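This report concerns only the one structure given below.
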């Protein structure tokens, strides 16, 4: 039981210490898409990419 509490306390402390680091990084983040850009599904991949770019242009 003691070991379990020690592990929980250590995990909680690690999370508490990591939170300010995660918040200090800026507001910009990147989203990646895995899309088919060649072959039979290339047109679908291009349409999805265009839709994602349009959404980002309209909604930031």
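Residue numbers (my numbering): -5 to 54. In this text, a Cβ means the ideal position worked out from N, Cα and C, and glycines have one as well. Computed from a predicted model, the values in this text were never measured in an experiment.
Query, Result
"Opening and closing residue of the alpha helix (DSSP H) in which residue 41 lies", "36 to 53"
"Under the three-state DSSP convention, the category residue 1 falls into", "helix"
"Closest residue to residue 43 among -1, 5, 28 and 2 (Cα-Cα distance)", "28"
"Straight-line Cα distance separating residue 2 from residue 52", "44 Å"
"Collapsed DSSP secondary structure at residue 26 in the structure displayed", "coil"
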